[in-house]
Amino acid sequence: MRTPRRRFFGALGAAVVALLVLVAAAPDAGAADSHSLIQGSGSSWAENAVNQWVADVASEGIQVVYTPDGDAQGRQDFANRTSDFSVTADGYQGRDPVTGVSDTSNGRAYSYLPIAAGGTAFPYQIKFDGQQVENLRLSGETLAKIFTNQITNWNDPEITADNNGHALPSIPIVPVVQSEGSGATNQLTSYFAQEFPSIWKPFSGGVGNTEYFPRQGDQIAQNGSNAAMNYVSSSSANGSITYVEYSFALSVNYPVVKVLNSAGFYTLPTQFNVAVALEDAQINTDPNSPDYLLQNLTDVYTDPDPRTYPLSSYVYMIEPTGTYPNPESKITTAKRQSIADFEYYSICQGQKEIGPIGYSPLPVNLVEAGFGQIQRLQQADPGVDLTQRNILTCDNPTFVPGQPNANYLAQIAPQPPACDRTGTGPCAAGVTPNGVVVVTPDAGAPGSSSSASTGSAGSAAAATAVGGSSPAASARIAAALAAQSTSAAKANAVAAAAAAAPHPVPATLAAFSTSSSFAVAAPIVVVLLLLIFGLPLFFRYRRSRRPSIEVDP
Amino acid sequence: MATIQSLPTRPAEADLGPDDGGDRPVAPKPKVRKPRRTPNFTAEDWISLIGSVLSSLAFVTIVYEHILDGSGTIGFGLCWYAAFLVVYAAVVSVVHPRPIVLERLVASTLYLAAALVLFALGSTVFYIFAQGWRALVHVNFFTHDMSGVSPTAPLNQGGILHAIVGTVEEVGIAVAISVPLGIGTAVYLTEVGGRASSLVRTVVEAMTALPEILAGLFVYVLLIVEFGFSKSGMAVSVAMTITMIPIIARAGEVALRVVPSGLREASTALGATHWKTVWGVVLPSARAGLATATILAVARGIGETAIPLIVSGASSFLTFNPLNVPMNSLPLFIYTAYTTHEPLAITRAFGAASVLMVMVLLLFVAIRILVRQKGVRR
Amino acid sequence: MTTVLTPPAPVSGSGKAPRQLRPSREPSDRIFHGTVTGIGLFVLVIIASIGIFLGYQSIPTFRHYGLGFFTQTQWLPELDKIGIAAVLIGTVEVALVAMVVAFPLALMLALFITDYAPKVVKGWLISVVDLMAAVPSIIYGLWAVFLLQPHAIKLSRWLSQHLGWIPIFHVNTDPNAAVWQQSRYTSSVFIAGLAVSMMAIPLACAVMRAVFDQAPLGEREAAMALGGTRLGVARTVVLPFAKGSIIGGTMLALGRALGETAAVLIIISPAYEIKARILEAGTQTTSALIAANFGNATKSQLSALLTAGFVLFLITLIVNSVAAVVIRRSRSGAGTEI
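Residue numbers (our numbering), protein chains in the order written: chain V, 1 to 553; chain X, 1001 to 1378; chain A, 2001 to 2338.
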């Protein structure tokens, strides 16, 4: 019987069949010309840089899906062949003789290439009397004691000593650590294990560096850098401190700790200070070693340059270099082309973008080495097209013409102000490069404009002193200065805004927001809900009130 | 011949006049009257209730600051409730005996409990829509995907089209696989039976206890890691079927068992084969129950977050291909957008949650329509 | 079904064996039976093999980690020091908190729907409760984090202030401080339990309500005729009748609460230690553990995760089976289908 119900379901069935046919006939997503969608996972430390590049290459038809779930997971996904590339700060560790745990790629051929540098920063929230502290300085030893639960209150004398006698009120410290296998944890614990083993080793049970922070006591664990940063910046987390890459704090304008370096200065993880620090990094230069291009940061921690930020490091991408179709059956030529193009963009044009957001661009020699690693993809599969790869088109702000091992940013890095030296300060009002506002708890508005112009004038002088003679070089200098001055201008704007209003702590949706759009939405939603839930009630009530009794004689 | 005493007859209609004497009864006109209301809860009871509420509120407002130091609205509510019980008991006991006092107290508690649960549910729905509203007003939210759009991009860029398509496609494939298998199992258990049927029934019942994350982990370990399939929408669908089949099989079995055996016997008596009986009589009679079972399973499958988290990647690209490419879905989109902790991304997450709620709501309306067939009420 | 017709016993003296009569089946029926049996057995094989695969994973796990797997609290994959002691305790704690909150609310809601609600709203309330069951758990998670948590931590603080001498309500911070440390009360077992209770309430309520409705009308009327109030009817007729189903429904909801993933994942902050302090930040449940660690797990750690999940599955299975038995044996459950 062709009832209306049957006809409806018949039409529905036909629609489903049509949809299935469409699905079967649809072209593979991302199969635009010669590219195919690639998946990667790994470091959340590098997340902001990678996401920036992913968004940039999407407009060129290269589709990348990146899941920032931690270094350890990234390496394991790559080893399980469930991802096409991964991003990690540490390479595969091999087999640990003590615990027997093996961290290998399970036989999958790979290469490392460095993609970015950056500093592990310590954002913190200390608020009292309606003010937020923004110029905290800490030495590495104090940080180690904080993260091993030996210092538990912000008014501890060691913290006061670091801040040149300026004591904080009694606020309990809440250390926030990362719960996943994280590269940031690895950076932190490497630093502690190397520099302060007598503090770190008893806490960690003898373990040196690890990607899994051994959370104890009142420490709070959060999954990933975003969650840790969000926790510290949330309204209920007064007294908390965590360790994430600098870009996470910078993107929400949150204060980070100035860390003491070996020269006795407290520095911020700006792109300049990180570049200075990483000049001391030892890179594996043996092309035949499986750890080719990996970093050894021992000398970075103790770099005597006053501008150094001690916790600086590189982060790497792991690319698959096995041949197609055997053994890499899933890495088609199109995928390999996508990987190659994505890597090329990342270490070339993508480098100039990551400085302002809180990373530090790679020096030339590492970019050239990275190009060599991309070459391996073509060796594995000749179908990959690597023409038009010219290092001169990269517009990387670290390039110094004629000096491939030099880092321009390190050369023009400004010296830290005198108030950042041990025994003086802490710095009162002022603006640092990369635009972080510095305000003391009892100072008024930051008087920033004069010191900002002093800062940029000083570095302009330094730049002309270093001297780029070619127009390209002076263009690069101008670009670097422009970036610096725009960040200074931005810092001025931030300072003005900070003077006008309390420091903008990123709002969480902790309660109903009171914006005007909500005021419009609320009554509409209420009316809708009343209609949806109230109408049936109303009709049923009407039906039950209908008179239905007749009285018979 | 004995005369039968005739009973008094009714006077003929013609004999009756409008005012015919006074001693003949006049048949009253049938009147339609409203039934007389006999409320349990008189006006006096209303007054005592409202009075107790207000007086306990006033009392607690004054006392709260001193005793409990602003421990938030929940603490206030608890104290108000305790004070209300005391006051109301006192007021009611003036007039009514003890059983009535207890009855009133318990009734007010029950009303409060129901109101609390409804308020919790209502606040959930309301909050989701209120926070996601800002994303929902943009048309691009429904027509674009998130390719090339960073989480901090303003709300007039990007959208959840890929998540909606992903959810519909994954659930569609899961339904296409699990409904035949589930209903087939239900038919096996009720119609065919046999020695293995009790074993099948036990195993199927046991599998309803399987947590969804375990289904996802199973698919991950076996299909993705061991056999090398890629993370895709198909893997999500397979894991969903693992959780959906037991629900459909069990609820379907109940629905089929409720079909009166008289129908089956009548069909057999008319010469139909077993197959024709099942296909033509039993299944259509149980249509409502089977549809309910399916929709319950679908409602469960739509909301599963843990499965796509494990076996599919959170892609930002729209794709119709369930096979080699990671496919996003609404719950996974909500989760990953939330974990970025960017305010705009969280607004998008709430917008996607609103869309998900509307989908579930529509499914439930579909249940109500399907169940109400041929005047069969719930 | 094949029926064998046994003819009546032969007349004595005939000496012949009775003839077996077996009606032949239609070919379409044979195909039908074969197909349906095939489907049933196929589903059985698939489902059973999943269960067996999960159980089988415990062998490499115990071979690698030994029985210390059940006593180790930490989860440090790099050192290969993993164990599910803390995780199981956390799972049980969250589920118990959820049930402590959900059981009275579900019971009261069910009683309200059947006995106290005005007839016009009864059907509507039933639909609303079913809708509550269908809302995805991640939505409850978002609700709990953004809307519930700021208010619930105030309740936590009040509880630890006044009842902190009870070990489970103690929190390692000073609740009487002028500026109290909010961060120590967030992301706790208590908040996660509240979110999970929102999912447990409709399940328990549906089971209980269905049975309350079936309380024999005669007994109800008898109680009312003897002068009972609605409370009296509930207390003497409905609740004793439905006792088994109340327990059964609660245990079904407990089974669901044990396996909750999405809401718990969003709310808690992972802490691998055995902790009875439910108001304090930090806990971990089995499903959240699996969701967080499945990606970085080596082969043997994947087996360990599967074993942890399998233990959870067994616990849920036992709870559900006990619930089914209690329901089936109770007076009310004899006819119900749970």
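We put the CB at the ideal spot given by N, CA and C, even for glycine.
Taking the C-alpha atoms as reference points, what is the distance between Leu2265/A and Asn2293/A? Rounded to the nearest angstrom, the gap between the Cα atoms of Leu2265/A and Asn2293/A is 12 Å.
Applying the 10 Å Cβ sphere with the 16-neighbour rule, what's the burial state of Pro1260/X? By the 10 Å Cβ count, Pro1260/X comes out exposed.
Any beta carbon of chain A sitting closer than 9 Å to that of Thr508/V? Any answer about Thr508/V is weak, because its pLDDT of 36 lies below 50 and its placement is not dependable; what the coordinates show is given next. Cβ-Cβ to chain A under 9 Å: yes for Thr508/V.
Using a Cβ-Cβ distance cut-off of 9 Å, determine whether Arg376/V contacts chain X. Chain X contact via Cβ: absent.
Distance CB(Val1101/X)-CB(Val1087/X) smaller than 9 Å: No, these two residues do not count as a Cβ contact at 9 Å.
Nearest to Leu2105/A by CA position, among Leu2314/A, Val2311/A and Met2199/A, is which residue? Answer by Cα proximity: Met2199/A.
Between the Cα of Ser182/V and the Cα atoms of Asn163/V, Phe213/V and Glu158/V, which residue gives the shortest distance? Closest in C-alpha terms to Ser182/V, from the list Asn163/V, Phe213/V and Glu158/V, comes Phe213/V.
Assuming contact is defined by CB atoms lying nearer than 9 Å, are Ala1209/X and Phe2313/A in contact in what I supplied? Cβ atoms of Ala1209/X and Phe2313/A: closer than 9 Å.
Are the CB atoms of Leu1256/X and Thr1167/X nearer to each other than 9 Å? No, these two residues do not count as a Cβ contact at 9 Å.
Look at the alpha carbon of Phe2103/A and the alpha carbon of Ile2201/A, and state the distance between them as a whole number of angstroms. Near 7 Å, if we compare the C-alpha coordinates of Ile2201/A and Phe2103/A.
Would a check of beta-carbon distances place Thr1268/X closer than 9 Å to chain V? No, Thr1268/X does not count as interfacial toward chain V.
Are the beta-carbon atoms belonging to Glu2273/A and Ala2095/A less than 9 Å from one another? No. Outside cutoff.
Asn390/V and Pro361/V - do their beta-carbons sit closer together than 9 Å? Pairing Pro361/V with Asn390/V gives a Cβ-Cβ distance that is not under 9 Å.
9 Å Cβ cutoff, Lys330/V in contact with chain X: The beta-carbon of Lys330/V is placed less than 9 Å from the nearest beta-carbon of chain X.
Taking Cβ positions only, does Ser1230/X come closer than 9 Å to chain A? Taking Cβ atoms only, chain A never reaches closer than 9 Å to Ser1230/X, which makes this a no.
Pair within 9 Å by beta-carbon distance, Phe2053/A and Phe1218/X: In this structure, Phe2053/A sits near Phe1218/X, with a CB-CB distance shorter than 9 Å.
Does the Cβ-Cβ distance between Thr2261/A and Ser2303/A come in under 9 Å? Taking 9 Å as the Cβ cut-off, Thr2261/A and Ser2303/A do not qualify as a contacting pair.
Can you have a look at Glu1304/X and say buried or exposed, based on whether 16 or more other CB atoms are within 10 angstroms of its CB? Taking every protein chain shown into account, the CB of Glu1304/X has 16 or more other CB atoms within 10 angstroms, so this residue is buried.
N-terminal and C-terminal residue of the alpha helix (DSSP H) that Pro320/V is part of: Careful: Pro320/V lies outside any alpha helix (DSSP H), inside the beta strand (DSSP E) at Ser312 to Pro320.
In this structure, how does DSSP classify Ser470/V when only helix, strand and coil are distinguished? For Ser470/V, the pLDDT reaches just 38, beneath the cut-off of 50, and the residue's location in the model is therefore unreliable, although a value from the coordinates is still provided. Ser470/V falls in the coil class under three-state DSSP.
Under the DSSP definition of a beta bridge, which residues are partnered with Arg2022/A? Paired residues: none, contrary to the question.
Per DSSP, cross-strand counterpart(s) of Gly118/V: The bridge partners DSSP lists for Gly118/V are Ser313/V and Tyr359/V.
Cβ of Arg81/V within 9 Å of any chain X Cβ: Proximity of Arg81/V to chain X, defined by a Cβ-Cβ separation below 9 Å, is satisfied.
Does Val1187/X get closer than 9 Å to chain V when you measure Cβ to Cβ? Output row for Val1187/X: interface = no.
Residue-level contact to chain V via CB, Leu2194/A, 9 Å cutoff: False, the Cβ-Cβ gap to chain V never drops below 9 Å.
Mapping the DSSP letters down to three states, classify Trp2143/A as helix, strand or coil. Judged by DSSP in its simplified three-state form, Trp2143/A adopts helix.
Going along chain V in order, which residues have a C-beta closer than 9 Å to the C-beta of Ser2156/A? The contacting residues do not exist; Ser2156/A stays about 12 Å from chain V at best.
To the nearest angstrom, how far is the alpha carbon of Val2036/A from that of His1162/X? Distance between the alpha carbons of Val2036/A and His1162/X: 37 Å.
Would Gly2309/A be called buried (16 or more neighbouring beta carbons within 10 Å of its own) or exposed? So Gly2309/A ends up on the buried side.
In its own chain, which residues sit with a C-beta less than 8 Å from the C-beta of Val2233/A, not counting the 5 before and 5 after it? Asp2115, Arg2220, Ala2223 and Met2224, listed in sequence order.
With DSSP run on the structure shown, which of helix, strand or coil describes Gly217/V? DSSP places Gly217/V in coil when its eight states are reduced to three.
Where Leu2076/A sits in the DSSP three-state scheme: Leu2076/A sits in a strand when the DSSP states are folded into three classes.
By the 10 Å Cβ neighbour count, where 16 or more other Cβ atoms means buried, how is Lys2016/A classified, buried or exposed? Exposed, by the Cβ-count rule.
Straight-line gap, Gly107/V to Gly118/V (C-alpha atoms, nearest Å): Between Gly107/V and Gly118/V, the C-alpha separation is close to 30 Å.
Let me check one thing: in DSSP terms, what residues is Arg81/V bridge-paired to? Partner(s): none; Arg81/V has no beta bridge.
Let me make sure I understand the geometry here. Which of Ile2039/A, Val2319/A, Val2237/A and Ser2300/A has the alpha-carbon closest to that of Gly2066/A? Closest option to Gly2066/A, judged by alpha-carbon separation, among Ile2039/A, Val2319/A, Val2237/A and Ser2300/A: Ser2300/A.
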